[in-house]
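K.L.:
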Amino acid sequence: MVSPALYLGHGSPTNALDKGKYSKQLLSFGKSTEVPQAIIALSAHWERHIPMFVTSGYDPGIIYDFYGFPDVLYNIKYEYRGDPRLAKLVAQELTTNGFETHLNSTRGIDHGVWVPLMKMYPEADVPIIQLSIPLPNTPNELFKIGELLSKFRYDDVMLVGSGNLVHNIPHALTQIQMGKTSLDFTSKNEEWAVESDRWIKEKLESRKVTELLDSPHKLPHYKMAAPTSEHYDPLYFVLGATKDNEEYKQIFEGFQARSFSMRCFATES
Numbered sequence: 000m001v002s003p004a005l006y007l008g009h010g011s012p013t014n015a016l017d018k019g020k021y022s023k024q025l026l027s028f029g030k031s032t033e034v035p036q037a038i039i040a041l042s043a044h045w046e047r048h049i050p051m052f053v054t055s056g057y058d059p060g061i062i063y064d065f066y067g068f069p070d071v072l073y074n075i076k077y078e079y080r081g082d083p084r085l086a087k088l089v090a091q092e093l094t095t096n097g098f099e100t101h102l103n104s105t106r107g108i109d110h111g112v113w114v115p116l117m118k119m120y121p122e123a124d125v126p127i128i129q130l131s132i133p134l135p136n137t138p139n140e141l142f143k144i145g146e147l148l149s150k151f152r153y154d155d156v157m158l159v160g161s162g163n164l165v166h167n168i169p170h171a172l173t174q175i176q177m178g179k180t181s182l183d184f185t186s187k188n189e190e191w192a193v194e195s196d197r198w199i200k201e202k203l204e205s206r207k208v209t210e211l212l213d214s215p216h217k218l219p220h221y222k223m224a225a226p227t228s229e230h231y232d233p234l235y236f237v238l239g240a241t242k243d244n245e246e247y248k249q250i251f252e253g254f255q256a257r258s259f260s261m262r263c264f265a266t267e268s
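In structure tokens form, the structure reads like this:
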């Protein structure tokens, strides 16, 4: 079996408490797909200057990498386990191919990983390791990382990139402070955000990989949609992990706070 590669929109940490359509559709996907032997995840919330790192602890826990949220969020537990053996194999593969990678046995997974994955696998029964996003980087380098690690998909390992395809925190915070939006999921979305998200979906469905890799120059409203690239970068990783004969299945489509794209999709043969 070949496990899929996924891009997961994770949004606000408060989505850990969500019981709506977002959570239900991620759970449905998890139940309808054969449970993988392990997951290799890359999240917007772990950027490190070269060398790269990969979590290698057996029981490293989760990171509450946010502040100012309700206390209940800091009491959430997700008792997954790591996979030290897989971490070593991943580090070896990347290092051998020019991406120096070190093991980190103490770091846990951040909310970009545990929030969506606890929706897909609430029993925490799938081992998870996380990669750091190397700095500096280019879309082609991130694509290459996904391409190199795609071999593990044949060993029933799922590859996950987590971010938000449209993600402008300063703009959203201003809108929230002005009382124009909240962290709710809504259909009354900002047109520039909808146009950006629609462009990405169209390019995915038509497999226009070259255009997606040139998103900084091609994506409508790119400077507004991705004023910093860390939430967009995991897309390149997933593109690299995709096989030539695969298409993309949409898991969830929608927006949070009127402008955060929560799009989630998976490869499908």
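Everything in the sequence shown is counted per this note's numbering, starting at 0 for the first residue and increasing by one.
Beta carbons: idealized from backbone N, C-alpha and C, even for Gly.
Predicted model, so just to flag it, every value in this text is computed and none were measured.
(1) Do the stretch 14-22 and the stretch 42-54 meet, that is, are 3 or more Cβ pairs less than 8 Å apart?
(2) Tell me whether histidine 101 is buried or exposed, calling it buried when 16 or more other Cβ atoms sit within 10 Å of its Cβ.
(3) Note the first and the last residue of the continuous alpha helix (DSSP H) segment covering glutamate 204.
(4) Assign arginine 152 to one of three DSSP states: helix, strand, or coil.
(5) Check whether the stretch 172-186 touches the stretch 203-211, counting contact only when three or more Cβ pairs, one atom from each stretch, lie closer than 8 Å.
(6) Please identify the residue among Asn103, His170, Tyr79 and Tyr63 whose C-alpha is closest to the C-alpha of valine 89.
(7) For threonine 185, collect the residues of the same chain with a Cβ closer than 7 Å to its Cβ; drop the 5 residues on either side in sequence, then sort them by chain order.
(8) Is it buried or exposed for histidine 110, if we count other Cβ within 10 angstroms and need 16 for buried?
(9) I'd like to check one pair, glycine 81 with proline 59: are the Cβ atoms closer than 8 Å?
(10) State the Cα-Cα distance for the pair phenylalanine 28 and serine 11, rounded to the nearest angstrom.
(11) To the nearest angstrom, how far is it from the Cα of isoleucine 61 to the Cα of glutamine 249?
(12) Where glycine 67 and tyrosine 73 are concerned, what is the direct C-alpha to C-alpha distance, given to the nearest angstrom?
(13) At a cut of 8 Å, does the stretch 30-44 reach the stretch 159-173 through at least three beta carbon pairs?
(14) Taking the beta carbon of proline 169 as the centre, do at least 16 other beta carbons fall within 10 Å, making it buried, or is it exposed?
P.N.:
Looking at the atomic coordinates:
(1) The stretch 14-22, when compared against the stretch 42-54, does not touch it at the 8 Å Cβ threshold.
(2) Per the 10 Å Cβ criterion, exposed.
(3) For glutamate 204, the enclosing alpha helix (DSSP H) begins and ends at 190-204.
(4) Looking at arginine 152 - three-state DSSP - the assignment turns out to be helix.
(5) Not touching, per the Cβ criterion.
(6) It is Asn103.
(7) Phe254 and Arg257, listed in sequence order.
(8) With 16 or more other Cβ atoms within 10 Å, it is buried.
(9) In contact: proline 59 and glycine 81 (Cβ atoms closer than 8 Å).
(10) In this model, phenylalanine 28 and serine 11 are separated by some 20 Å (Cα to Cα).
(11) Between isoleucine 61 and glutamine 249, the C-alpha separation is close to 27 Å.
(12) The alpha-carbon atoms of glycine 67 and tyrosine 73 are separated by roughly 10 Å.
(13) In short, these stretches touch, since the Cβ pair count reaches three.
(14) Burial call: exposed.
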